[in-house]
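Numbering (the numbering used here), first residue to last: 120 to 207.
Here is the structure we will look at, set down as structure tokens.
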């Protein structure tokens with residue numbers, strides 16, 4: 120397959136990368152693209168992991184709030200205010 124790149128800056132970057140790696144321009148571009156795709160995939164994985172942690176935290180907060188509503192928190196709040204709703 121042929122890839123026809125008509126951008127002088129890209130050609131210059133390919134030459135520099137090839138010189139640094141001691142390989143052909145094709146090999147340098149192949150390695151650079153593989154590294155880019157791997158980093159992109161790793162970023163997506165870490166984003167998925169962060170989302171899973173956030174979801175787990177939200178679920179735990181929801182459970183804690185439901186437990187608090189079962190009496191303990193509401194009883195504490197009731198003790199703070201009198202029958203007119205004023206602080207004691």
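Don't be surprised by glycine CBs; every beta carbon is placed ideally from N, CA and C.
>> Please list the terminal residues of the continuous alpha helix (DSSP H) segment that includes residue 134.
In response: 127-140
> Roughly how many angstroms lie between the CA atoms of residue 195 and residue 179, to the nearest whole one?
Replying inline: 21 Å
> Beta-carbon separation of residue 140 and residue 150 under 8 Å?
Replying inline: yes
> Is the beta carbon of residue 143 sitting closer than 8 Å to the one on residue 136?
Replying inline: no
>> Please classify residue 175 as buried or exposed, where buried requires at least 16 neighbouring CB atoms within 10 angstroms.
In response: exposed
> Apart from the five residues just before and just after residue 148, which ones in its own chain have a Cβ nearer than 6 Å to its Cβ?
Replying inline: 133
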